[in-house]
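Positions in the sequence shown are counted from 1; adding 1 to them yields my numbering.
All C-beta atoms in this analysis are idealised placements derived from N, C-alpha and C, irrespective of residue type, glycine included.
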Amino acid sequence: MSILVTGGAGFIGANFVLDWLAQSNEPIVNLDKLTYAGNLDNLASLQGDGRHTFVQGDIGDRVLLDRLLAEHHPRAVLHFAAESHVDRSIHGPEDFIQTNVLGSFRLLEAVRGYWNTLPETEKAAFRFLHVSTDEVYGSLSPTDPAFAETHRYEPNSPYSASKAASDHLVRAWHHTFGLPVLTTNCSNNYGPYHFPEKLIPLMIVNALAGKPLPVYGDGMQVRDWLYVKDHCSAIRRVLQAGRLGETYNVGGWNEKPNIEIVNTVCALLDEMRPRADGQRYATQITYVKDRPGHDRRYAIDARKLEAELGWKPAETFESGIRKTVAWYLANADWVARVQSGAYRDWVSTQYESAA
Ligand code: NAD
Ligand code: DAU
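See below:
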């Protein structure tokens, strides 16, 4: 048996692939387009590992999908691939509609076609797991309870609207066609291999480069942070035991205002890599114009996942953020290559495009 993962060269997908193969010998087929966010450097430790088959391609390519499903006969498809950055969705929403909506639709159709060909026992055991976000629920006021799975959908950005659309497609493919689906809606992840356009890695790399640390608006927007490997363990657990057609919120009960996150990163850097001039990294904090339509607060109520499936995060925010800062300090080459785009040269020498 094998599983097929989409977007497995991105931040969460790569962490998932690495964790999966550290714990299981079940092979992975990894379909990723290698957009700016996809990086095979993340998977360099799997070079020569016969359990990992990487295929460069688009989830919107039906011919490719049909071929991969027929050839590899997966028992599950885990759908991570997406355009994921809110700021980019504000500056150019089209790619988000193309991949997150149309791409997810094409993937669902290909998987439905494949699933219908399976013998009854394999059909019953098959799973399509859709990796989604808490942003589909909109924004909370300071006194609102955390998002439960029953919260209404109220996406506010082009990114979250495109993810909400894909969640609805997944739900409909279950309701109408009986496809055995599961959906997870997770809060903000952080950890190794996080592309340095997102808050935490951007603050680390800018701080070390002596650049300003741009905090949007008043910096009091709240996000609920989860170490990426805890997200991966939640996905494994939902895949294993989630109830068909259900959605599971994933979060670590770690609500923090952005400015507190930035100050924490600065304090860890002061301790682990003090500035040569003896100044504090926090002096680099610069308040800048707010993100348009910026959601004020996200918070995840993860009680369903905890109670039904017995999942618990392994990291606290304190242990996870320390590991994360240490990882970026130890992996300056990774950062330099991501920033220079040099990893693409490596890709072209290692893998052939499926196109
Ligand atoms: P990412 O941007 O780091 O990685 C996305 C990956 O998808 C990249 O490797 C990219 O090359 C690939 N991709 C993009 N378009 C593709 C296409 N058309 N066909 C094939 N591959 C394509 O994103 P991430 O942060 O790892 O997020 C992964 C998933 O988790 C996304 O669905 C995202 O919405 C969801 N999510 C992310 C977070 C978070 O905090 N990062 C939280 C909750 C949910
Ligand atoms: O909540 C889950 C979502 O978290 C995922 O679905 C998205 O894929 C992921 O990108 C993330 O979205 P956010 O918009 O919350 O993440 P980002 O890292 O871009 O921003 C986190 C917060 O920090 C947000 O309130 C905006 C703020 N911010 C961000 C950047 C990049 C700043 O203040 N300054 C910055 O430079």
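query                                                                                                                                                   : result
Could you check if Ser90 belongs to the surroundings of ligand 2, using beta carbon to heavy atom distance under 6 Å?                                   : no
Do Tyr368 and Gly321 have their CB atoms nearer than 7 Å?                                                                                               : Residue 368 cannot be examined here, being either before or after the span of the chain that is shown, 2 to 356.
Going by C-alpha to C-alpha distance, which of Asn26, Leu200 and Ala126 sits closest to Asn189?                                                         : Leu200
Kindly indicate which three-state DSSP category Phe178 falls into: helix, strand or coil?                                                               : helix
Determine contact between the segment 90-110 and the segment 159-178, defined as no fewer than three beta-carbon pairs at a distance below 8 Å.         : yes
Comparing alpha-carbon positions, which option in Leu19, Thr36, Val78 and Asp67 lies nearest Thr7?                                                      : Val78
Within 10 angstroms of its Cβ, does Met2 collect 16 or more other Cβ (buried), or is it exposed?                                                        : exposed
Say whether chain D places a C-beta atom closer than 7 Å to the C-beta of Met2.                                                                         : No chain D is present in this structure, which holds just one protein chain.
Residues in the same chain with beta-carbon distance under 7 Å from Tyr138, minus the five sequence neighbours each way, listed in chain order, please. : Phe148, His152, Tyr154 and Glu155
Which class does Ile60 belong to by DSSP, given the choice of helix, strand or coil?                                                                    : coil
What do you get for Ala337, buried or exposed, if any count of 16 or more other CB atoms within 10 angstroms of its CB means buried?                    : exposed
What is the DSSP secondary structure of Lys1, reduced to helix, strand or coil?                                                                         : The question about residue 1 has no answer, for the chain in this structure spans 2 to 356.
With distances taken from CA atoms, which of Pro314, Arg244, Asp59 and Val112 is nearest Leu183?                                                        : Arg244
Just to confirm, does Cys187 get its C-beta within under 6 Å of one of the non-hydrogen atoms of ligand 1?                                              : yes
Going by the CB atoms, is the gap between Ser85 and Leu170 shorter than 7 Å?                                                                            : no
May I have the straight-line CA-CA distance separating Ser167 from Val102, to the nearest angstrom?                                                     : 5 Å
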